[in-house]
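K.L.:
Counting with the numbering used here, you get residues 191 to 308 for the letters of the sequence shown.
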Amino acid sequence: MSTEGTPRQSVLLALKDPRTLEGAWNGMLQIWNDLHNPYSLRYDQLIADGHAALASGCLAAMALELQIDEVGACGERARIRIDGHMYGAAPRASCVHEVIHEILLPELAKNFDFEVVG
């Protein structure tokens, strides 16, 4: 079931190396914080990549929740669930999908090896 275009989306990441769980978690928080901070170096890079304009209208009404799934639920892999949702008016129905799939996951993939499993 595709959730593109919905105001809520849940994505499950399976890290290929469970020892990177803390780093991936902190990496997601840093990316999220940088998206909200126009003075960060990553924000400048996101502007250069065209992502800041994509996300700018979406971020004001979007919440992101992270959750570590039960240890061992995915064999030897660590899993992080990302739940994004709109809590106010969004400029586009696809905001949550765009922020997660076009910004957050590609930025995270620069430093961590994972699969999207759900």
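Yeah, the Cβ is synthetic: ideal placement off N, Cα and C, and Gly gets one too.
Only a predicted model underlies this, so the values are computations on that prediction, with no experimental measurement involved.
Can we say the segment 207–218 touches the segment 284–304, given the rule of at least three CB pairs closer than 8 Å?
P.N.:
With a cut-off of 8 Å, the segment 284–304 and the segment 207–218 count as touching, because enough Cβ pairs lie within range.
K.L.:
Out of A214, P197 and A251, which one is the CA nearest neighbour of A268?
P.N.:
For A268, the nearest C-alpha among the options comes from A214.
K.L.:
Helix, strand or coil for T193? Go by DSSP, reduced to three states.
P.N.:
Confidence in T193 is poor, its pLDDT being 44 and thus under 50, which makes the residue's placement unreliable; the coordinate value appears in the next sentence. It is coil, neither helix nor strand.
K.L.:
Can you tell me which of the three DSSP states V307 falls into?
P.N.:
In the structure shown, V307 sits in coil (DSSP, three-state: anything other than H, G, I, E or B).
K.L.:
Between the segment 231–238 and the segment 281–289, are three or more C-beta pairs nearer than 8 Å?
P.N.:
They do not touch, by the three-pair rule.
K.L.:
Here's a check: name, in chain order, each residue in its chain whose Cβ is nearer than 6 Å to the Cβ of L254, leaving out the five neighbours to either side.
P.N.:
Once the five neighbours on either side are set aside, the close Cβ partners of L254 are W222 and G274.
K.L.:
Below 8 Å between beta carbons: does that hold for A204 and A251?
P.N.:
No, the pair does not count as a contact, with Cβ atoms beyond the cut-off.
K.L.:
Drop a sphere of 10 angstroms on the beta-carbon of D303, count the other beta-carbons inside from all chains shown, and report buried for 16 or more, exposed for fewer.
P.N.:
So D303 counts as exposed.
K.L.:
Going by beta-carbon coordinates alone, are L249 and L236 separated by less than 8 Å?
P.N.:
Their beta carbons are not under 8 Å apart, which means L249 does not touch L236 by this criterion.
K.L.:
Helix, strand or coil for D273, going by three-state DSSP, please let me know.
P.N.:
Three-state DSSP puts D273 in a strand.
K.L.:
Please report the straight-line C-alpha distance between I293 and I270, rounded to a whole angstrom.
P.N.:
When rounded, the distance between both Cα atoms is 17 Å.
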